[in-house]
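A.B. asks: Numbering (our numbering), first residue to last: 367 to 775.
The structure is given below, and queries will be raised subsequently.
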């Protein structure tokens, strides 16, 4: 009898805890990668779900941080600090190789080593809340994420296994998943987000989709391909909103729909590495192109080499500025002395140009068709991202001029 009473008491405690968890306020962060703020100015953009969220909540153009690249800006949105504090300067950590090339971008480093500032999901976990991520970034092996469905999902993952066992996925869906087309992956990530809401009801869900970014790179912003991707993403957001409603969580859920950066069209590429090669500096200078900017690495203790590098890059068609480390702090970027990840020079592209890693042909060359890029300095308004808030705690019909992505956290 005593054991039965103990078990009954334990069962009641579990039920009470579950009810309390279900009644807690929830936050769902939806990131639509590469969605420029100016796109929302088009009244014929096919986004009924996003328009409904805007009418029922608040919206604004959102300023971004340098570099206007996916991982740095996503990390700012969950830390509230700029790249010179959180340490993300590319889509992964920039690590020294001890060989040639001298640096490479490594996306697989664990989050505790990659992110140098506390995150919202760290704070939520410390407060006893549950956290989940679907294709979020700079979050590999994060100990404060309760459930994870990663960019590199596989049938061996705990959440993936659970979804397969319940019939929400098949093993074939995840076979070679990271190499599947991006529209298919976005569909699977959306299915994972809806599943988490239905079966686990996390207090904080971070959910990130990539197909618009891919389309904008290929066809440029404002293209039919870009608009089609936006319509597709709107349908994905609708599925997540419906999942919240069907789970009975609509009254306690706040939605934040954001993007990481805007986009610019370009018609010409700048191949800085070829300018370096033509100056006879191959094997001494390395360039990491990031679209609208490029990072240049060399031994800055060698004054003669440094002078040759600056001369090789000054006046190249398409290069707007050769930015020195003395200017980095004003851009929210670390100097090489503070953080060895960053280059000795920063190149900025003119409008209509984008940096490329191509190693053959002329220094500056036209592309076969208009394409799209980001990575331009954050002061360019075309790099502004979207911000929509709706649901619990948000007044309807509010239009703000701008917000900063450092405020999302």
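We put the CB at the ideal spot given by N, CA and C, even for glycine.
Quick caveat, the model's predicted, so the values are computed rather than measured.
(1) Could you name the residues of the same chain whose beta carbon sits closer than 7 Å to that of residue 754, not counting the 5 residues immediately before and after it, in chain order?
(2) Would you check if there are 3 or more beta carbon pairs closer than 8 Å linking the segment 564-572 to the segment 482-490?
(3) When you compare each of 504, 683 and 511 to residue 455 by their alpha carbons, which one comes out closest?
(4) Please report how far the alpha carbon of residue 350 lies from the alpha carbon of residue 690, in whole angstroms.
(5) To the nearest angstrom, report how far apart residue 687 and residue 681 are at their CA atoms.
(6) Looking only at DSSP bridge pairs, what is residue 428 linked to?
(7) Just the Cα atoms here: how many angstroms apart are residue 660 and residue 508?
(8) When the Cα atoms are used, what is the spatial distance from residue 427 to residue 563?
(9) Please tell me whether residue 458 and residue 481 are closer than 8 Å, where the distance is taken between their beta carbons.
(10) Taking only runs that begin and end inside the segment 434-522, name each unbroken alpha helix (DSSP H) of 4 or more residues, in chain order.
(11) Just list the beta strand (DSSP E) runs in the segment 697-747, keeping only unbroken ones of 3 residues or longer that don't cross its boundaries, in chain order.
(12) Count the other CB atoms within 10 Å of the CB of residue 621; is the residue buried (16 or more) or exposed (fewer)?
(13) Taking a contact to mean a Cβ-Cβ separation below 8 Å, would you say residue 711 touches residue 675 in this structure?
(14) Does DSSP put residue 687 in a helix, in a strand, or in coil?
(15) What residues match up with residue 423 in a beta bridge as DSSP calls it?
(16) State the beta-bridge partners of residue 621 as determined by DSSP.
(17) Could you round the C-beta distance between residue 442 and residue 750 to whole angstroms and report it? I think they count as a contact, below 8 Å.
(18) Which same chain residues, not among the five before or five after residue 759, have their C-beta less than 8 Å away from its C-beta?
(19) Output the distance between the C-alpha atoms of residue 706 and residue 594, rounded to the nearest integer angstrom.
(20) Look up residue 402 in the DSSP assignment and give the residues it is bridged to.
(21) Excluding the 5 residues flanking residue 701 on each side, which residues of the same chain have their C-beta closer than 6 Å to its C-beta?
(22) So what does DSSP say about residue 682, is it helix, strand or coil?
(23) Please name the residue, chosen from 679, 657 and 410, that lies closest to residue 579 on a Cα-to-Cα basis.
(24) Tell me whether residue 538 counts as near the ligand MG, meaning its Cβ is closer than 7 Å to at least one heavy atom of that ligand.
(25) Counting pairs of Cβ atoms below 8 Å between the segment 625-639 and the segment 398-406, do you hit three or more?
(26) Would you decide whether residue 410 is buried or exposed? Buried here means 16 or more other CB atoms lie within 10 Å of its CB.
(27) Could you tell me whether the Cβ atoms of residue 566 and residue 738 are closer together than 8 Å?
(28) Measure from the alpha carbon of residue 602 to the alpha carbon of each residue in 586, 613, 577 and 479, then state which is nearest.
(29) Between which two residues does the alpha helix (DSSP H) holding residue 606 run?
(30) Give me the residue from 395, 741, 732 and 734 with the minimum Cα distance to residue 715.
(31) Are the beta-carbon atoms of residue 720 and residue 632 separated by less than 8 Å?
(32) With H, G and I counted as helix, E and B as strand and the rest as coil, what does DSSP make of residue 567?
(33) Let me check understanding here. Comparing Cα to Cα, which of 496, 587 and 678 lies closest to residue 748?
(34) Going by Cα to Cα distance, which pick from 555, 683, 597 and 398 is closest to residue 778?
(35) Buried or exposed: residue 550, going by 16 or more other Cβ atoms within 10 Å of its Cβ?
(36) Do residue 444 and residue 485 have their C-beta atoms within less than 8 Å of each other?
C.D. replies: Looking at the atomic coordinates:
(1) 416, 419, 420, 423, 425 and 623
(2) yes
(3) 504
(4) Any property of residue 350 remains undetermined from this structure, which presents the chain solely from 367 to 775.
(5) 9 Å
(6) 751 and 769
(7) 29 Å
(8) 28 Å
(9) no
(10) 436-445, 449-452, 477-480 and 486-492
(11) 711-715, 718-721 and 730-739
(12) buried
(13) yes
(14) strand
(15) 756
(16) 394 and 756
(17) The Cβ separation is near 14 Å, so there is no contact.
(18) 391 and 620
(19) 41 Å
(20) 751
(21) 691 and 694
(22) coil
(23) 657
(24) As far as ligands go, the structure on display features none, and thus does not contain the ligand MG.
(25) yes
(26) exposed
(27) no
(28) 577
(29) 590-612
(30) 741
(31) yes
(32) coil
(33) 587
(34) The structure shown has nothing for residue 778, since the chain only spans 367 to 775.
(35) exposed
(36) yes
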